[in-house]
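Undergrad: Quick note, the sequences are listed as chains A and B, same order.
16 is the number of the first residue of the first sequence in our numbering; add one for each residue after it.
4 is the number of the first residue of the second sequence in our numbering; add one for each residue after it.
From the three backbone atoms N, C-alpha and C, an ideal C-beta is built for every residue, glycine too.
Sharing a structure, written as structure tokens. Questions coming.
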Amino acid sequence: MTSIIGPASYKFFGIFPAALLSFILPIIGIGLFVYIMARRIAPLVRANPDNRFDHIGKRIENLIVIWLGQIRQPRYMLAGVLHIIIFAGFLILSVRSTSLVIIGFSDGFVLPGLGGGLGLVYNFIKDYAATFVLLACIVAAVRRGIYKPKRYAVPEKYGKDHTAEAVFVLGIISTLMISESLFEATEAAFEFQKTGEVHFLAPLTLVWLFKIILSSVSLNVLQGLHIFVYYIHDLAFFFFLCFLPMGKHFHVITSIFNVFFMRVRKGKIKPVKYGIDEDKLDDIESFGVKKLEDFTWKHMLDFYSCADCGRCSDQCPANAVGRPLSPRFITIKARDLIFKNYPLSGEIYNSKLLVQDIYTEDEIWSCTTCGACEEECPLGIEYIDKMVDLRRGMVDEGLVPQSLQKPMKALEKRGNPYGKMEKKRAEWTEDKEFKALCPVKDLDGETADTLYFVDSITSYDDNIQTIARKTSLILKKAGVDFGILGKLEKDSGNEVLRFGEEMLYQDLKSQNTEAILETGVKQIITSDPHAFNALKNDYKNLPPVRHISQVVAEKIRTGELDLKPCLNPEKVYVYHDPCYLGRHNGIYDDPRQALDAIEGLNRVELEKSRDRSFCCGGGGLMLFYEPEEETRMGVLRVNMAAEAGANVIVTACPFCLVNIQDAIKVAGKEGQMEALDFTELIEQHLV
Amino acid sequence: MMEILVCVKRVPDTAENEFELNSAGNDLDRGDLVYSVNEWDNYAVEEAIQIVDKTGGNVTVITVGDGESEEVLRREMAMGANNGILLSDDAFGGSDGKGIATILKAEIEKGKYDLILTGAQADEGAGQVGGMLAAMLDMPYASLVNKIEVGEGTIKVGREIEGGNQEMNEITLPCVLSIQTGINEPRYVGIRGIRKVASVEIPVKSASDLGLAADSVGKTGAKTRRIDYFTPDMGVGAEMLEGSTDEIIAKLIEKLKAKGGL
Numbered sequence: 016m017t018s019i020i021g022p023a024s025y026k027f028f029g030i031f032p033a034a035l036l037s038f039i040l041p042i043i044g045i046g047l048f049v050y051i052m053a054r055r056i057a058p059l060v061r062a063n064p065d066n067r068f069d070h071i072g073k074r075i076e077n078l079i080v081i082w083l084g085q086i087r088q089p090r091y092m093l094a095g096v097l098h099i100i101i102f103a104g105f106l107i108l109s110v111r112s113t114s115l116v117i118i119g120f121s122d123g124f125v126l127p128g129l130g131g132g133l134g135l136v137y138n139f140i141k142d143y144a145a146t147f148v149l150l151a152c153i154v155a156a157v158r159r160g161i162y163k164p165k166r167y168a169v170p171e172k173y174g175k176d177h178t179a180e181a182v183f184v185l186g187i188i189s190t191l192m193i194s195e196s197l198f199e200a201t202e203a204a205f206e207f208q209k210t211g212e213v214h215f216l217a218p219l220t221l222v223w224l225f226k227i228i229l230s231s232v233s234l235n236v237l238q239g240l241h242i243f244v245y246y247i248h249d250l251a252f253f254f255f256l257c258f259l260p261m262g263k264h265f266h267v268i269t270s271i272f273n274v275f276f277m278r279v280r281k282g283k284i285k286p287v288k289y290g291i292d293e294d295k296l297d298d299i300e301s302f303g304v305k306k307l308e309d310f311t312w313k314h315m316l317d318f319y320s321c322a323d324c325g326r327c328s329d330q331c332p333a334n335a336v337g338r339p340l341s342p343r344f345i346t347i348k349a350r351d352l353i354f355k356n357y358p359l360s361g362e363i364y365n366s367k368l369l370v371q372d373i374y375t376e377d378e379i380w381s382c383t384t385c386g387a388c389e390e391e392c393p394l395g396i397e398y399i400d401k402m403v404d405l406r407r408g409m410v411d412e413g414l415v416p417q418s419l420q421k422p423m424k425a426l427e428k429r430g431n432p433y434g435k436m437e438k439k440r441a442e443w444t445e446d447k448e449f450k451a452l453c454p455v456k457d458l459d460g461e462t463a464d465t466l467y468f469v470d471s472i473t474s475y476d477d478n479i480q481t482i483a484r485k486t487s488l489i490l491k492k493a494g495v496d497f498g499i500l501g502k503l504e505k506d507s508g509n510e511v512l513r514f515g516e517e518m519l520y521q522d523l524k525s526q527n528t529e530a531i532l533e534t535g536v537k538q539i540i541t542s543d544p545h546a547f548n549a550l551k552n553d554y555k556n557l558p559p560v561r562h563i564s565q566v567v568a569e570k571i572r573t574g575e576l577d578l579k580p581c582l583n584p585e586k587v588y589v590y591h592d593p594c595y596l597g598r599h600n601g602i603y604d605d606p607r608q609a610l611d612a613i614e615g616l617n618r619v620e621l622e623k624s625r626d627r628s629f630c631c632g633g634g635g636l637m638l639f640y641e642p643e644e645e646t647r648m649g650v651l652r653v654n655m656a657a658e659a660g661a662n663v664i665v666t667a668c669p670f671c672l673v674n675i676q677d678a679i680k681v682a683g684k685e686g687q688m689e690a691l692d693f694t695e696l697i698e699q700h701l702v
Numbered sequence: 004m005m006e007i008l009v010c011v012k013r014v015p016d017t018a019e020n021e022f023e024l025n026s027a028g029n030d031l032d033r034g035d036l037v038y039s040v041n042e043w044d045n046y047a048v049e050e051a052i053q054i055v056d057k058t059g060g061n062v063t064v065i066t067v068g069d070g071e072s073e074e075v076l077r078r079e080m081a082m083g084a085n086n087g088i089l090l091s092d093d094a095f096g097g098s099d100g101k102g103i104a105t106i107l108k109a110e111i112e113k114g115k116y117d118l119i120l121t122g123a124q125a126d127e128g129a130g131q132v133g134g135m136l137a138a139m140l141d142m143p144y145a146s147l148v149n150k151i152e153v154g155e156g157t158i159k160v161g162r163e164i165e166g167g168n169q170e171m172n173e174i175t176l177p178c179v180l181s182i183q184t185g186i187n188e189p190r191y192v193g194i195r196g197i198r199k200v201a202s203v204e205i206p207v208k209s210a211s212d213l214g215l216a217a218d219s220v221g222k223t224g225a226k227t228r229r230i231d232y233f234t235p236d237m238g239v240g241a242e243m244l245e246g247s248t249d250e251i252i253a254k255l256i257e258k259l260k261a262k263g264g265l
């Protein structure tokens, strides 16, 4: 015996060839894995269609940046770095693991290309990879098992704690790392004892360490251990492979697909059914998601892909105020249901109405569609479209809370959720003082280059009408030739669509589209991010749409708007990003640049700002919904602004203004804090 | 199995209108009004659908009105009512409560209903049709019902009594009940639901179809008639506070303090 015997040549008890075992294990392992995967794919085949083969360039970019680059991981620094180490380790070690399986029946097998110098480099790297993965697993296990960060907790109503599964998997990964390293270390130690030859081993790696430990162990023990750890690795490897599709570690397999197929166009809502045109909606038998199989295959893939990291719920404003919604459990409950209805063997069960089985109606109505969850998910899991689809299903079944039925009916009859008369939509222009300064054209008769789309709250709410007047004054000052639709304008329907009332939305959209095209305007400007989003992303064939903050920033740059030095330099201003301006449409800098153009304005940033902005409570129909909650989102937001040291919260959305103004009162901060719309602040500072 | 008839009415929607008198001063200015089903009737239809979901049977909605009243029948059918009947004739115009009850009775006697529901009142009405209908049909009647439990041959109905107490009554079928709001949570009906029942035929019946003498109903048959319609003058002691919400609150507090209320 000059060198150690590998598993391909080893004979148990001197007779039974180990190679046979090395051959059978992968066959059983892969066979079982293929069977499990086939069962797991079954619900996806039955699911609704989904069009995810468009925008291939963007999808490849996502794959490189979000999947391979793990760009979203460091948003949670410790967990993110640990994940990046384990993820990178897996990618590197997948090559080694594949070779190891083959080494079981082919001594000294080396993958093509890894024979020479490249192989040495690879071995060097993979030894460090294994070492770092093990270290990361230990830190992760301590963190999950002992420190238990709050966001992993499972509230009682959602079932049992998930810590055991997480730690168990960390254990399997550690086993793989240790056995792989021991396999190599036993061989190196054996050769060293036998021949005195010193193989170069990457210093401070597991292999290096194990070799030192094993340097005085007898050759027989080394030989035994060599074979033993090989099969430990082989078993752990195939066990892990088949265990992945059983729970949250399915993401190891699905993540690459899930990120590739993730939502690429923000601000848009999926059609009722892919492949059915809007004018054929009447032919669809049932709307939205009522049963499990009504989800699209991508949404099912989302359920499979969730790693249970809890970042969505940690960012979710509804969850933060104690509404009965936690996006993480929207996914986990659906996955549990898929596993129950599509068991690994035997009969497939029929799904019941989801909102009575695994979800509650209030849970689904609690979402403000702010998008914080989707922005955070490292796996590209989406929620807004699912919420909308579930709501479409509820609306179709008549399951709409009374608090929402009234505004929806008013929208149907009057085109606004308040049930106010159409002819009063332009009454805000009639204010005497304002009218003398700035007469506003009614494009039902008059003509202009630009349409100012006001939308319902800004047209009808006594307090919010200020935004309409300030916007008009700014536009006039900037030399924009504009007019309004007046009584022909209907609610933009941004929330009507997002609350699942598809046909009502279609109705509002076609009335608005017709009225807008009739005016012949070349561009549309709005001061309401919700209207901005609907017109820009949901409507089709309209002239370009811009938010007033974009116009102001541009006019400041071109010198067409001049601003005075700050009227209240002693105040501390903070800008709150409205969800439908920021996250859904990527407009973060224009409003900030405009504020910073006011000389001497003292502006601080919220910790949760830009794409991590915290929803104020939601707009449109959400103002009418009466949620169960412990506190208001707006109150939390006002407290955040106070912590940032601000006393003026500037926002650029009428709904944010309403919610934050109310919240200042509820939080008892009247007199200390104030809320101000962007347009009001800018108009005050016009030269 | 229950055959349930629900009497409904099309009324100007109080939530979506601003009411003004017409120039003649004898009615609302109806030019810009939007209409919907009377709120109480909507609860009655929801209750009927829920009963039939449990016991089996059919829900029929019926209304007396002009051609436009078909819209409210369709809305209620979109909720889940199986049939609709529109009683419409120029001769019905100007009917008083008794006239409406007479018209309904003529159609009800042609069918066989176990339970007849009406709204407790209508936005524009006097809350009299339900009771009159029961008397004319010689059926037992319970008004202001806020709870229904269906049994064999009888049903139990609950009524809220002044002061917040609740009473339960047993009543034999067939009977007439007038339904109070809040008895249930009516389901939502959207444009899509209404379109689904858009092509269902709704029979329209005239005075002659019902075998009614033209002079027994309508203006000629009416024993009560409206002689005036106006917004009452502000009485002494009533004062409208004006200004922004904050100003109104400040004025109110001041007044309460001045009168010793605070």
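Using the beta-carbon count (16 or more within 10 Å), is phenylalanine 547 (chain A) buried or exposed?
TA: Burial call: buried.
Undergrad: Could you run through the segment 182-201 of chain B and flag, in chain order, every residue whose CB is less than 7 Å away from some CB of chain A?
TA: The segment 182-201 of chain B vs chain A, Cβ under 7 Å: Glu188, Arg190, Tyr191, Val192, Gly193, Ile194, Arg195 and Arg198.
Undergrad: Express the C-alpha separation of threonine 248 (chain B) and lysine 680 (chain A) in angstroms, rounding to a whole number.
TA: In a straight line, the C-alpha of lysine 680 (chain A) is about 14 Å away from that of threonine 248 (chain B).
Undergrad: Between which residues of its own chain and alanine 81 (chain B) is the CB-CB distance below 6 Å, once the five residues before and five after are set aside?
TA: Closer than 6 Å at the Cβ level, and outside the excluded window around alanine 81 (chain B), lie Val192, Gly196, Ile197 and Val200.
Undergrad: In this structure, does DSSP put glycine 444 (chain A) in helix, strand or coil?
TA: This sequence places threonine at residue 444 (chain A); glycine is not what is there. DSSP places threonine 444 (chain A) in helix when its eight states are reduced to three.
Undergrad: Which value, in whole angstroms, describes the spacing of the CA atoms of isoleucine 373 (chain A) and valine 236 (chain A)?
TA: Going by the C-alpha atoms only, they are around 55 Å apart.
Undergrad: Use the C-beta contact count for methionine 243 (chain B): other C-beta atoms within 10 angstroms, 16 or more gives buried, fewer gives exposed.
TA: So methionine 243 (chain B) counts as exposed.
Undergrad: Return the CA-CA distance between leucine 147 (chain B) and arginine 627 (chain A), expressed in angstroms with no decimal places.
TA: In a straight line, the C-alpha of leucine 147 (chain B) is about 52 Å away from that of arginine 627 (chain A).
Undergrad: Between B:Gly60, B:Gly96 and B:Ser209, which lies nearest to methionine 5 (chain B) when the distance is taken from Cα to Cα?
TA: Taking only the C-alpha atoms, the option nearest methionine 5 (chain B) is B:Gly60.
Undergrad: Please go through the same chain and pick out, in chain order, the residues whose beta-carbon is closer than 6 Å to the beta-carbon of leucine 221 (chain A), but skip the five residues on each side of it.
TA: Correct list, in chain order: Ala145, Thr146 and Ser196.
Undergrad: If the cut is a Cβ gap below 9 Å, which residues of chain B does aspartate 411 (chain A) touch?
TA: What aspartate 411 (chain A) touches in chain B: Gly193, Arg195 and Gly196.
Undergrad: Taking 8 Å as the threshold (C-beta atoms), are asparagine 552 (chain A) and lysine 283 (chain A) in contact?
TA: In this structure, asparagine 552 (chain A) lies closer than 8 Å to lysine 283 (chain A) by Cβ.
Undergrad: Using only the alpha-carbon positions, how far apart do glycine 508 (chain A) and aspartate 522 (chain A) sit?
TA: Their Cα atoms are separated by approximately 9 Å.
Undergrad: Exposed or buried, asparagine 172 (chain B), counting other C-beta atoms within 10 Å across all chains shown (16 or more means buried)?
TA: Exposed.
Undergrad: If the cut-off is 8 Å on Cβ atoms, which residues from the segment 8-27 of chain B count as contacting chain A, listed in chain order?
TA: Hits within the stretch, in order: Asp16, Ala18, Glu19, Asn20 and Glu21.
Undergrad: Is the segment 604-621 of chain A touching the segment 570-590 of chain A, taking contact as three or more C-beta pairs under 8 Å?
TA: The segment 604-621 of chain A vs the segment 570-590 of chain A: in contact.
Undergrad: I'd like to know whether the C-beta of asparagine 82 (chain B) is nearer than 8 Å to at least one C-beta of chain A.
TA: Checking the sequence shown, residue 82 (chain B) turns out to be methionine, not asparagine. Closer than 8 Å: yes.
Undergrad: With a threshold of 8 Å between beta carbons, is serine 72 (chain B) in contact with chain A?
TA: It does not; no Cβ of chain A falls within 8 Å.
Undergrad: What residues of chain A sit near valine 37 (chain B), judged by a beta carbon separation below 7 Å?
TA: Within 7 Å Cβ-Cβ: Lys428 and Arg429.
Undergrad: Note down, in chain order, every chain B residue with its Cβ under 9 Å from the Cβ of aspartate 297 (chain A).
TA: Simply Arg195, Arg198 and Lys199.
Undergrad: Short of 6 Å in beta carbon distance, which residues of its chain neighbour valine 490 (chain A), apart from the five on each side in sequence? Order them along the chain.
TA: Inspection of the sequence shows that residue 490 (chain A) is occupied by leucine rather than by valine. Cβ within range, chain order: Phe497.
Undergrad: Taking lysine 502 (chain A) as the query, report the chain B residues whose CB atoms sit under 8 Å from its CB, ordered along the chain.
TA: The premise fails here: lysine 502 (chain A) is roughly 11 Å from chain B at the closest Cβ pair, so nothing lies under 8 Å.
Undergrad: How about glutamate 641 (chain A) and serine 301 (chain A): do their beta carbons lie closer than 8 Å?
TA: Not closer than 8 Å, so no.
Undergrad: Rounded to whole angstroms, what is the Cα-Cα separation between tryptophan 443 (chain A) and glutamate 390 (chain A)?
TA: Going by the C-alpha atoms only, they are around 37 Å apart.
Undergrad: Could you name the residues of the segment 413-426 of chain A whose beta carbon sits closer than 9 Å to any beta carbon of chain B, in the order they occur along the chain?
TA: Listed by position, the residues of the segment 413-426 of chain A near chain B (Cβ gap below 9 Å) are Gly413, Leu414, Val415, Pro416, Gln417, Leu419, Gln420, Lys421, Met423, Lys424 and Ala425.
Undergrad: Hey, is glycine 434 (chain A)'s beta-carbon within less than 8 Å of any beta-carbon in chain B?
TA: Yes - at least one Cβ of chain B is within 8 Å of the one on glycine 434 (chain A).
Undergrad: Between which residues of its own chain and threonine 17 (chain B) is the CB-CB distance below 7 Å, once the five residues before and five after are set aside?
TA: Once the five neighbours on either side are set aside, the close Cβ partners of threonine 17 (chain B) are Asp126.
Undergrad: Against chain B, does glutamate 516 (chain A) count as a neighbour if the rule is that its beta carbon must be under 8 Å from one of theirs?
TA: With 8 Å as the cut-off, glutamate 516 (chain A) counts as an interface residue toward chain B.
Undergrad: Looking only at C-alpha atoms, which of A:Phe449, A:Ala451, A:Gly29 and A:Glu504 sits nearest to leucine 466 (chain A)?
TA: When only C-alpha atoms are compared, the closest one is A:Glu504.
Undergrad: Residues in the same chain with beta-carbon distance under 6 Å from valine 116 (chain A), minus the five sequence neighbours each way, listed in chain order, please.
TA: Answer for valine 116 (chain A): Pro41, listed in chain order.
Undergrad: So leucine 512 (chain A) contacts chain B; which residues on that side make the cut at Cβ distance below 8 Å?
TA: Simply none; closest approach about 13 Å.
Undergrad: Can you tell me where the alpha helix (DSSP H) holding serine 37 (chain A) begins and where it ends?
TA: Start and end: 33-61.
Undergrad: Any chance the segment 693-701 of chain A sits against the segment 657-675 of chain A, with 3 or more Cβ pairs inside 8 Å?
TA: Touching, yes, given that three or more Cβ pairs across the two stretches are closer than 8 Å.
Undergrad: Of all the alpha helix (DSSP H) runs that stay within the bounds of the segment 255-307 of chain A, which reach a length of 4 or more residues?
TA: DSSP runs (the alpha helix (DSSP H)) wholly in the segment 255-307 of chain A: 266-275.
Undergrad: Just how far apart, CA to CA, sit glutamate 74 (chain B) and aspartate 32 (chain B)?
TA: Cα to Cα, the separation comes out at about 21 Å.
Undergrad: Might you give, ordered along the chain, the residues of its own chain that have their beta carbon closer than 7 Å to the beta carbon of asparagine 168 (chain B), omitting 5 neighbours on each side?
TA: Hits under 7 Å: none found.
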